[in-house]
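Below is one structure, written out as structure tokens; the observations come after it.
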Amino acid sequence: MDFPLVRAAVPRLEALDSCASTNSELAVLVGAATPRLEWFTTVLTEDQTAGRGRLDRTWVAPRGASVAVSTLVPDTLGGWTALAAGLAMVEALRPLLGDRVTLKWPNDVLVDDAKICGVLAEWTPHGIVVGAGLNTAMTVAELPVPTATSLQIAGVAPVEADAVVARYLTALRGHLARTPEELRERVMARLSTRGRTVRIGLPDGSILTGWATGIDVEGRLVVDVAGRGKVAVAAGDVVHVRS
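The opening position of the sequence shown corresponds to residue 1 in the UniProt record's numbering, with each subsequent residue numbered one higher.
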């Protein structure tokens, strides 16, 4: 696919037949470019063979069953960047799925409480490379884990990846122009983690369990923990505990 809508939304698009990682491909372009690349230069593929996720996880999908897109953005919002990208993908999918699509802190996109998209933001000396991997045409048998889903499984057919990615990039551009306070308000409105019991694996290996009350102005998840009160979590692996 040539992705004409995406091409019209960004100053430069490298649509690759296949690559190991769109984030890595874009990082190489960023490092080699003279003069610097324009903001929102984008690398995209429907065959990513060695995708990377948060916490050093791998992300692999059959050829043509997902779309990986990485974009160079300015460091205007710091730690909010990945949340902005997650929110942008939620908004890109809402015309297809309505309120079924939500944001899970810190930046996973869920449909019917199953993961359909993940985001990875990586800092470079010349800006932030923010990548998103969206499951498009995966079947149930092809899912990497039972807690995942795809647009096809969710009932979206045919999958118009070009339109979805173009909406995502347009929304991302808009969110990166907002203040943290403005972005926080919008994230809170789509955050399914809020108002739930959560279990969080922290970077030091410890586990925190409590009631997620929302996010603070720095983008941290605020959790009400028994005996400790409210704790702000900057990083961790969150599980929504089913009641």
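All C-beta atoms in this analysis are idealised placements derived from N, C-alpha and C, irrespective of residue type, glycine included.
Per the Cβ contact rule, the segment 11 to 22 is not in contact with the segment 178 to 187 (fewer than 3 Cβ pairs under 8 angstroms). In the structure shown, the three-state DSSP call for Thr124 is strand.
In the structure shown, Leu176 adopts helical secondary structure according to DSSP, grouped into three states.
The Cβ atoms of Arg199 and Val225 do not sit closer than 9 angstroms to each other.
In the three-state reduction of the DSSP assignment, Asn135 falls in the strand class, which pools E and B. In the three-state reduction of the DSSP assignment, Glu14 falls in the strand class. Assignment of Arg190 by DSSP, reduced to helix, strand and coil, places it in the helix class. Classified as exposed, Pro95 has fewer than 16 neighbouring CB atoms from the shown chains inside 10 Å of its CB.
For Thr42, the enclosing beta strand (DSSP E) begins and ends at Thr42 to Thr45. For Thr124, the closest alpha carbon among the candidates Val222, Asp204, Ala235 and Arg36 is that of Arg36. With 16 or more other CB atoms across the displayed protein chains lying within 10 angstroms of its CB, Ile153 is buried. Thr170 and Leu44 have their C-alpha atoms roughly 15 angstroms apart. With contacts defined as CB atoms closer than 9 angstroms, Ala82 and Pro106 qualify as a contacting pair. The three-state secondary structure of Thr22, taken from DSSP, is helix.
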